[in-house]
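J.: The structure is given below, and queries will be raised subsequently.
Numbering (this note's numbering), first residue to last: 7 to 454.
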């Protein structure tokens, strides 16, 4: 049983878990951040997952064992892989069984599609209607939050650009790969994977169950971890390591398509942690305030707690709604934008340290955590008060009807510029760290 001492933080995260997507469609932003990298201009041969697994069966067994050893030492609160899920090479296995065992050893959803597809660049030519894929072929979510996404079939043996592969895959972990993996998720995977009960969020809401794999609270004050030890049970670092390890194996053994595909999967979690609402429990609220509001709720005054939960969710959603609208508008009109220029800008790339096993924790998430309060204040200062300061308004329910670009066009340009600059800065971090991952994949194993 979770104790009342951290009920507020649990409630806050439960309130925000339904909006666990960061940056809306990662692929649209990844194309802009990566498109000028000559390293990604190459063409690679499309290959089914089953072919990679069969050809490298023994190497994958050894790699996943090494990954387990790494995770047991490097990931806080890591739950050991149950012995029954250990990947074992066996040439006699069917392709279907080998795929099933691979997904189980990674402890991702057995419903993961890992289909052969790309999301076309929205700045590129119109997609071929004959190649359109139904969303259910790519996305395991029952009700896709990505209704506007376009998926195109690619075929084994076909040549496709590395950029398209990695950009498309950077959005893929939001397609159900981390759903229902907890013991209280009412799923077979949850019962066998060994992650235990969900640390926060509602286990009966499938989409909410992915949040602990896409958020990482590594820089909160010690008092908050003492009050809420479950905050340490988040696993984006595990996913980054798993997929970068597989990418290196794929590159080293002559499977560049899967090298870039796994790189894109790892990139998703890195990009998630550039979003302040994924790297901080409650941007703009101190630990003392959180604990104080919780104390009031415990003595029968829950209003401040309930209001904070709604406002946290609304601001998270409003940030992503506006960012996504700006990116989509620029693509639709083929108009260069400040955000596009920021995503292209590589001038700050050399200012960051070399990639190590701790880069995502110590550089990526720390940067986002430090930006949390300023981001929260910028949203409150710029957006209409009903969206970000009125706890009686539910942004999630109304978001499809809200056009923030149109609404903000009527305000003081300097006021709007403040928020645009804030988002541009965050997407600058998105671009820097996405490119850093690409470079470390090409340079070999990271420094220790």
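All C-beta atoms, glycine included, are put in the ideal place defined by N, C-alpha and C.
For residue 123, write down the residues that DSSP places opposite it in a beta bridge.
T.: 159
J.: Among 391, 389, 376 and 346, which residue has its Cα nearest to the Cα of residue 434?
T.: It is 346.
J.: Do residue 176 and residue 274 come within 8 Å of each other at the CB atom, strictly closer than that value?
T.: yes
J.: For the candidate residues 92, 117 and 121, whose alpha-carbon lies nearest to that of residue 107?
T.: 92
J.: With C-beta atoms as the reference, is residue 2 less than 8 Å away from residue 173?
T.: Since the displayed the chain opens at 7 and closes at 454, residue 2 lies outside it and no answer follows.
J.: Going by other Cβ atoms of all chains shown within 10 Å of its Cβ, with 16 needed for buried, is residue 430 buried or exposed?
T.: Residue 430 is buried by the Cβ-count criterion.
J.: Which same chain residues, not among the five before or five after residue 24, have their C-beta less than 6 Å away from its C-beta?
T.: Caution applies to residue 24, whose pLDDT of 45 falls short of 50 and renders its modelled position unreliable; the value that the coordinates give is listed next. Within the same chain, residue 24 has close Cβ partners 214.
J.: Between which residues of its own chain and residue 9 is the CB-CB distance below 6 Å, once the five residues before and five after are set aside?
T.: Reliability fails at residue 9, whose pLDDT of 37 lies under 50, so the model's placement of it is uncertain and no value is given.
J.: So the candidates are 42, 70, 41 and 129; which of them puts its Cα closest to the Cα of residue 254?
T.: 70
J.: Does the Cβ-Cβ distance between residue 109 and residue 161 come in under 8 Å?
T.: Their beta carbons are not under 8 Å apart, which means residue 109 does not touch residue 161 by this criterion.
J.: With a cut-off of 8 Å on the beta carbons, I'd call residue 252 and residue 268 a contact; round off their distance for me.
T.: 4 Å
J.: Could you give the uninterrupted runs of the beta strand (DSSP E) lying entirely in the segment 205 to 243, keeping only those of 3 residues or more?
T.: Entirely contained in the segment 205 to 243, not one beta strand (DSSP E) run reaches 3 residues.
J.: What's the call for residue 447, buried or exposed, on a 16-neighbour Cβ count within 10 Å?
T.: Counting every other CB atom within 10 Å of its CB across the protein chains shown gives residue 447 a total of 16 or more, marking it as buried.
J.: With a floor of 4 residues, list each alpha helix (DSSP H) that falls wholly inside the segment 46 to 104, ordered by position along the chain.
T.: 55 to 61 and 63 to 80
J.: Please return the same chain residues whose Cβ sits closer than 8 Å to the Cβ of residue 441, not counting the five positions on each side in sequence.
T.: 39, 40, 43, 352 and 355
J.: Under 8 Å between the Cβ atoms of residue 395 and residue 425?
T.: no
J.: So is residue 94 buried or exposed if we call it buried at 16+ other beta carbons inside 10 Å?
T.: exposed
J.: Run through DSSP, which three-state label would residue 138 get?
T.: strand
J.: Are there 16 or more other CB atoms within 10 angstroms of the CB of residue 387, so buried, or fewer, so exposed?
T.: exposed
J.: Quick check on residue 114: does DSSP put it in helix, strand or coil?
T.: coil
J.: With DSSP as the reference, identify every bridge partner of residue 166, one or two as the case may be.
T.: 50
J.: May I have the straight-line CA-CA distance separating residue 258 from residue 61, to the nearest angstrom?
T.: 13 Å
J.: Quick one, which of 88, 341, 155 and 287 has its alpha-carbon nearest residue 318's?
T.: Checked all of 88, 341, 155 and 287; the closest Cα to residue 318 is 287.
J.: When burial is assigned at 16 or more other CB atoms within 10 Å of the CB, is residue 294 buried or exposed?
T.: exposed
J.: Count the CB pairs spanning the segment 199 to 209 and the segment 183 to 191 that are closer than 8 Å, and state whether there are at least three.
T.: A contact between stretches requires three or more CB pairs, one per stretch, nearer than 8 Å, and the segment 199 to 209 meets this requirement with the segment 183 to 191.
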